[in-house]
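Structure first, then comments.
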Amino acid sequence: METKNIKAYGTEAKDKPLHSINIKRRELLPHDVELEILYCGICHSDLHSVKNDWSGTTYPIVPGHEIVGRVTKVGGHVTKFKVGELAAIGCIVDSCGKCEYCEDDLEQFCDEDVTWSFNSPDKISGGMTFGGFSESYVCDERYMLHMPEFENLPAAAPLLCAGITVYSPLKHWQAGPGKKVGVLGIGGLGHVAIKIAKAMGAEVIVFTTSPLKVEDAKRLGADEAVLSTNKEQMKKYSRKLHFIIDTVSAKHDVNTYLNLLRHDGSVVLVGLPPEPLEVDAFSVVSGRRSLSGSNIGGIAETQEMLDFCSTHNITAEVEIIKMQEVNKAFERLEKNDVKYRFVIDMTSLKN
Numbered sequence: 001m002e003t004k005n006i007k008a009y010g011t012e013a014k015d016k017p018l019h020s021i022n023i024k025r026r027e028l029l030p031h032d033v034e035l036e037i038l039y040c041g042i043c044h045s046d047l048h049s050v051k052n053d054w055s056g057t058t059y060p061i062v063p064g065h066e067i068v069g070r071v072t073k074v075g076g077h078v079t080k081f082k083v084g085e086l087a088a089i090g091c092i093v094d095s096c097g098k099c100e101y102c103e104d105d106l107e108q109f110c111d112e113d114v115t116w117s118f119n120s121p122d123k124i125s126g127g128m129t130f131g132g133f134s135e136s137y138v139c140d141e142r143y144m145l146h147m148p149e150f151e152n153l154p155a156a157a158p159l160l161c162a163g164i165t166v167y168s169p170l171k172h173w174q175a176g177p178g179k180k181v182g183v184l185g186i187g188g189l190g191h192v193a194i195k196i197a198k199a200m201g202a203e204v205i206v207f208t209t210s211p212l213k214v215e216d217a218k219r220l221g222a223d224e225a226v227l228s229t230n231k232e233q234m235k236k237y238s239r240k241l242h243f244i245i246d247t248v249s250a251k252h253d254v255n256t257y258l259n260l261l262r263h264d265g266s267v268v269l270v271g272l273p274p275e276p277l278e279v280d281a282f283s284v285v286s287g288r289r290s291l292s293g294s295n296i297g298g299i300a301e302t303q304e305m306l307d308f309c310s311t312h313n314i315t316a317e318v319e320i321i322k323m324q325e326v327n328k329a330f331e332r333l334e335k336n337d338v339k340y341r342f343v344i345d346m347t348s349l350k351n
């Protein structure tokens with residue numbers, strides 16, 4: 001297979017900083033699209049993968065899966081994209097396309113294993129995929145997304161992961177008019193969840209351990225913000241909520257939030273705590289409640305999410321950085337010192 005060298009930022013070991021490296025991208029196959037990367041968001045999973053926190057990282061690694069760019073080349077059989085158009089790539093760049101999940105537009109659950117946009121075995125090249133901390137990306141048109149003309153384009157990059165991660169469960173559990181939706185945690189995921197749930201027509205109640213974020217939650221559109229350490233405030237919502245989206249990635253007492261649900265309500269995990277969560281049987285038996293989970297969304301639903309966010313003028317709150325500042329950004333991300341997402345201006349990679 002013909003390849004070409006391109007510039008990227010990656011690392012060869014978990015204890016080494018990201019730095020400029022050269023990687024290989026395949027030359028275009030008939031259904032491929034080449035994207036010049038303009039912006040790439042930084043997600044907590046980029047940090048976890050670089051540090052090998054979840055095991056399974058293959059080095060060298062080039063992270064990045066919130067990719068926004070402009071089409072520079074298309075293969076001879078491409079029908080969905082044209083040179084010069086804005087386009088985007090999220091978490092998924094390949095799947096089997098034949099199993100029941102792929103046929104139902106649920107590629108994230110593919111039976112044959114999804115090919116993720118970085119650090120994933122690449123069925124086409126035989127190597128590993130490299131992510132969006134790079135000059136360009138090549139992928140099959142079936143897994144590329146049409147990027148709406150957001151007024152603030154860099155702030156839309158985190159929608160490719162954070163946006164779909166919260167949009168999918170909010171839609172599945174039917175957030176909308178007449179529903180009281182809780183958002184647990186106000187970070188990269190939670191702040192986008194507030195905006196999307198509110199745009200869907202739900203009443204949004206935010207729960208946070210940070211007094212500073214109580215007011216910020218209202219600025220973001222929440223109807224109410226509750227300091228979860230305040231027992232009287234929490235008691236007010238006992239058995240009141242239809243649905244809670246749980247974005248917290250640290251160990252926490254999920255029973256506290258299960259007990260805020262109405263009958264048949266669900267707490268849906270989208271955060272990834274490193275330790276198992278303990279569930280009291282009475283928290284779920286009482287009221288026929290459930291503890292559920294959700295993992296990003298398929299390609300069609302991701303496109304739907306982008307179009308929804310464009311229509312409702314929803315983007316993330318971002319801090320734009322240069323590629324050369326990425327290691328400092330990772331250090332700050334470990335300390336949760338960002339409101340609420342870093343986005344890399346990829347033109348800086350050329351410097």
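Heads up: the sequence shown begins at 1 in the working numbering, then just goes up one per residue. Ideal Cβ placement from N, Cα and C applies to all residues, glycine included.
Rounded to the nearest whole angstrom, the CA to CA distance from H31 to V279 is 47 Å.
The way I'd put it, the region 310 to 322 doesn't touch the region 3 to 13; fewer than three beta-carbon pairs between them come closer than 8 Å. C-alpha of V226 to C-alpha of L189: approximately 18 Å in a straight line.
A check of alpha carbon separations from T209 across G221, R219, G187, G126 identifies G187 as the nearest. Residue state for I320 is assigned as strand, using DSSP reduced to three classes.
Counting of Cβ neighbours within 10 angstroms places T311 among the exposed residues, the total staying below 16.
The beta carbon of T229 sits closer than 8 Å to the beta carbons of T209 from its chain, once the five residues preceding and following it are set aside; these are given in chain order. Annotation for V268: P169, I245, S292, S294 place their beta carbon closer than 6 Å to its own, counting only its chain and skipping 5 residues before and after.
Boundaries for L153: no beta strand (DSSP E) harbours it, while the alpha helix (DSSP H) harbouring it runs 153 to 156, taken from the DSSP string. For H146, the three-state secondary structure derived from DSSP is strand. Counting every other CB atom within 10 Å of its CB across the protein chains shown gives K198 a total of 16 or more, marking it as buried. One Cα belongs to T58, the other to N119, and the distance between them is close to 6 Å. Between the C-alpha atoms of P17 and V50 there is a straight-line separation of about 9 Å.
For M128, DSSP records a beta bridge to P121.
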